[in-house]
Amino acid sequence: MNVFELRGKLVDDYATYIKSFLKIRDPKIKDKVSDELKAGRLWPNPLIQLNPCFKPGATVDELVAGGVLHEECSRIFRRKYDDGTSQPLRLHTHQETAIGRGVGGKNYVLTTGTGSGKSLTYIIPIVDHVLKNGSGKGIKAIVVYPMNALANSQMNELKKFICAGYPEDQQPVTFERYTGQEDRQRRTEIIANPPDILLTNYVMLELLMTRPEERQLIDAAKGLQFVVLDELHTYRGRQGSDVSMLLRRVRNYLGSETLQCVGTSATLAAGGSFTEQRKEVADVAATLFGSDVEPNDIIGETLTPITGETDFSSADVRQNMRECILSGGLPDGISFADLSSHPFAAWIEAHFGIEYVDGRLTRVTPKSIETSSVAGSQGAATVLANMLSLEPGKCAKAIEQSLNAGYQCLNPDTGFPSFAFRLHQFISRGDTVYASVEAPQQRYLTLNGQKYVPGEEKTKRLYPLLFCRECGEAYYSVLQRQNERTGTTEYIDTPPYAPAGDEDGEPGYLYLNMERPWPETEEEMIPLVPDDWREIHRDHQRIKPSRRKDLPQRVPLAPNGTLDNNGVIAHFLSRPFRFCLNCGATYSARQKSDFSKLATLGTEGRSTATTILSLYTVRALGESSLPKEAQKLLSFTDNRQDASLQSGHFNDFVEVGLLRAAMYRAVEDAGPDGLQHDVLTQKIFGSLNLPFEHYAQNPEEQYSQRR
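So the sequence shown is numbered by my numbering: it starts at 212 and just counts up by one.
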């Protein structure tokens, strides 16, 4: 699968969705929005980052042979395959270092990136400790995860190592998950038979310290050797204080004088040298653990290049790179030996993978391939084109091809792709268009939210625009208020759909249409107002007196939002939006929200946008050449409430889509005669073709009951 093609299709589909409900009448505004969307305003160029190659360390077998680990670790920690074969597990250098700290009884924190094997750095020392001291002697390690999903994932990893290769229920080390997901019977079994390793979350650990019915389980942890905080960086603010106090209570209650505290995190302190970062992390960890942590015990990832050292200023190297780019990039099927010695592969690794900082290899900041006019940053293709005097477009294509070729080329030492890269695509919900109050051809337009026209502060205000969903007419979102200093009426900007009453004044909209201005006389207004605003009085039609206060107010405005007889003529409508002054679309008094009447660029809801993007992604994955087991989509949310909302939205969307598909199929199957109302539901149910067990109260029913 070509991930760049997937990204392009995903963005194109989402752009079509965004544009499908945004109607803009003014051609100048429409062109501005169209140009901004094409430039990537809501979906800037993706950022690329190579997953680095980690410097290899010793194998577990070598640590066993050296007396560092218990001999049974050689059998447990191996790469095990489905056919029953296995091979020794080689550690990364940072893993070997961390395991040494763990076996040596020290507190330590591992700060390495995704896919660096952080969990093994505490699991191996814990298992080694249990093996050396004997299993079944109470809980020796408590591993605390910030999310139950991580605990569930770790359970599966432990099963792969500790259970595989041993008869059922005869593994040398026991482990259990106790997070609140377990039913009462399972919790009772765990309390009665405490494991060597307990996986939990900090809330459940707090409950274990306080609930009498679980006192037996926490008492089994007397003399606890390890407490591990996975994803250490998540414990901040009040939550960090809670966890810090909890660890102190656990240590005091369990009487664990030799308790080792271990932390893992993908995030290191920002700024400063590596030495300064280690000291800062050590100080934070010591505060959190309530125990000393030395800067030398903050372990960072150890990286190694795949390609050789290359002098990119060399004429021969540049000519080699130029020829490679002109031929389209690194070829599919390239061998690891050829890739690791190719100067263009070296340039890609140096630009997207790793770099030397203070004499130490670190990951580079993700970069885009193509220059983004929105982000204002120079893309890798432009840098390469300037270096080699080539076209940026050709360089971009060569980079994409080479990344894909590098992904297909496996590193024989690790078995992983040589260029395992990540594509980060940010998609913004968007805001709206901002405009100055001037004649349509002269007004300043921007999609950047700001108060004034750049360079003309205090003299030209900018206001957010909303667009009639029926005709696309633009309306300024304003707040009409009295200036406290001058006592005059002025119009300032206010956010679209902002609740009334947040500020002193009257929220509403300004209508500014030179081609179709709002008339000055009531006689001209009568045919333009809603039907229920009119009445017959003395044989003549007039606007109801009760509705006169809701009529648009004539407002001559200066660009700074103050009244000016020489300014442009606009008309003010107070909220809620009652009818469109351009097309006449009318709304009842019961429709208080203006969301369904006026649109902005960010009209789609967050949940809807996530669902739409997920749908497009799943559909594209289904059409790709990826094997079924690799066609996965993970959706992360910040909290349970958001997760619950998004889950419901996913389910509703699937149900609506399924029902619409069934309606379509039923009508299509009916042919030109169509469907009568009395058989519609039965035909739709038939076209759904649901398995019996999906809707039957008792799937085991037979005969007439089944019918």
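A virtual CB, placed ideally from N, CA and C, is assigned to each residue, including glycine.
Beta-carbon proximity list for residue i, same chain, < 8 Å, skipping 5 on both sides
| i | result |
| --- | --- |
| P628 | G617, Y618, Q619, C620, L621 and N622 |
| G897 | A877 |
| G833 | Q842 |
| L465 | I429, A432, K433, G434 and L435 |
| L886 | A877, V878 and K894 |
Residue i and residue j closer than 8 Å at C-beta
| i | j | result |
| --- | --- | --- |
| Y686 | L677 | yes |
| A796 | F790 | yes |
| F555 | K578 | no |
| I559 | L614 | yes |
| G606 | I545 | Reading off the sequence shown, one finds Cys at residue 606, where the question assumed Gly. No. Outside cutoff. |
| G316 | T469 | yes |
| L774 | T700 | yes |
| C264 | L634 | no |
| G719 | L784 | yes |
| M689 | L721 | Just to set this straight, residue 689 is Val in the shown sequence, not Met. Result yes, Cβ atoms of V689 and L721 sit closer than 8 Å. |
| I408 | I337 | yes |
| T475 | K329 | yes |
| L792 | W744 | no |
| L656 | K243 | yes |
| R289 | L300 | yes |
| F500 | N318 | yes |
| L837 | M212 | yes |
| Q382 | C374 | yes |
| V461 | V438 | yes |
| L342 | V279 | no |
| Y645 | G626 | no |
Proximal residues to residue i (C-beta, below 6 Å), its chain only, five neighbours per side dropped
| i | result |
| --- | --- |
| P787 | K803 and D805 |
| E925 | Not covered by the structure: residue 925. The range shown for the chain is 212 to 918. |
Between the CA atoms of residue j and residue i - distance to the nearest angstrom
| i | j | result |
| --- | --- | --- |
| A907 | L901 | 10 Å |
| K266 | R426 | 45 Å |
| I509 | G268 | 18 Å |
| E247 | T643 | 11 Å |
| E735 | G859 | 50 Å |
| V648 | V779 | 8 Å |
| I287 | L331 | 12 Å |
| A493 | L443 | 12 Å |
| T478 | G570 | 20 Å |
| E400 | E393 | 10 Å |
| C679 | K230 | 14 Å |
| C794 | D704 | 24 Å |
| N168 | S452 | Nothing about residue 168 can be read from this structure; the chain reaches only from 212 to 918. |
| S846 | S825 | 8 Å |
| V271 | L416 | 32 Å |
| S525 | G540 | 19 Å |
| L418 | T308 | 34 Å |
| K371 | K839 | 22 Å |
| Y708 | T811 | 10 Å |
| H888 | E424 | 60 Å |
Residue-level contact to chain D via CB, residue i, 8 Å cutoff
| i | result |
| --- | --- |
| K894 | Among the chains of the structure shown, chain D does not appear; only one protein chain is present. |
Member of the options whose CA lies at the smallest distance from the CA of residue i
| i | options | result |
| --- | --- | --- |
| G813 | F500, S639 and E512 | S639 |
| T582 | L258, Y720 and R301 | L258 |
| I334 | A360, Q306, T322 and N344 | Q306 |
| N862 | A646, D849, I823 and S836 | I823 |
| I350 | S757, D761, T411 and R529 | T411 |
| E717 | P741, Q764 and R758 | Q764 |
| R218 | P710, G251 and S245 | G251 |
| A360 | I373, T390, K343 and P506 | T390 |
| E866 | D242, L899, H888 and A526 | L899 |
| L595 | V528, N318 and D543 | V528 |
| G313 | Y827, C374, K348 and V504 | V504 |
| A820 | N213, Y228 and M212 | Y228 |
| F523 | P516, M532 and I517 | M532 |
| G772 | D715, Q691, R830 and H751 | Q691 |
| D441 | L869, G590, M358 and T421 | M358 |
| A591 | W254, K241 and Q260 | Q260 |
Neighbourhood of residue i by C-beta distance below 7 Å, restricted to the same chain and skipping five residues each side
| i | result |
| --- | --- |
| D237 | P651 and A685 |
| N694 | E701 |
| L550 | L541, A556, G617, C620 and S629 |
| F903 | P910 |
| Y798 | F788, R789, F790 and K808 |
Which parts of the segment 612-686 are runs of the beta strand (DSSP E), unbroken and 3 residues or longer, counting only runs that do not cross its ends?
Taking only runs of at least 3 residues, the beta strand (DSSP E) segments lying wholly in the segment 612-686 are 632-635 and 674-679.
Alpha helix (DSSP H) runs contained entirely in the segment 312-370, provided each spans 4 or more residues
Fully enclosed alpha helix (DSSP H) runs of 4 or longer: 331-344 and 359-369.
Starting from the N-terminal side, write out each stretch of the beta strand (DSSP E) that is 3 residues or longer and does not extend beyond the segment 714-787.
Correct list: 717-722, 745-748, 751-754, 764-768 and 779-785.
Runs of beta strand (DSSP E) wholly within the segment 507-538 (minimum 3 residues, chain order)
Listed in chain order, the complete beta strand (DSSP E) runs (minimum 3 residues) inside the segment 507-538 are 509-511.
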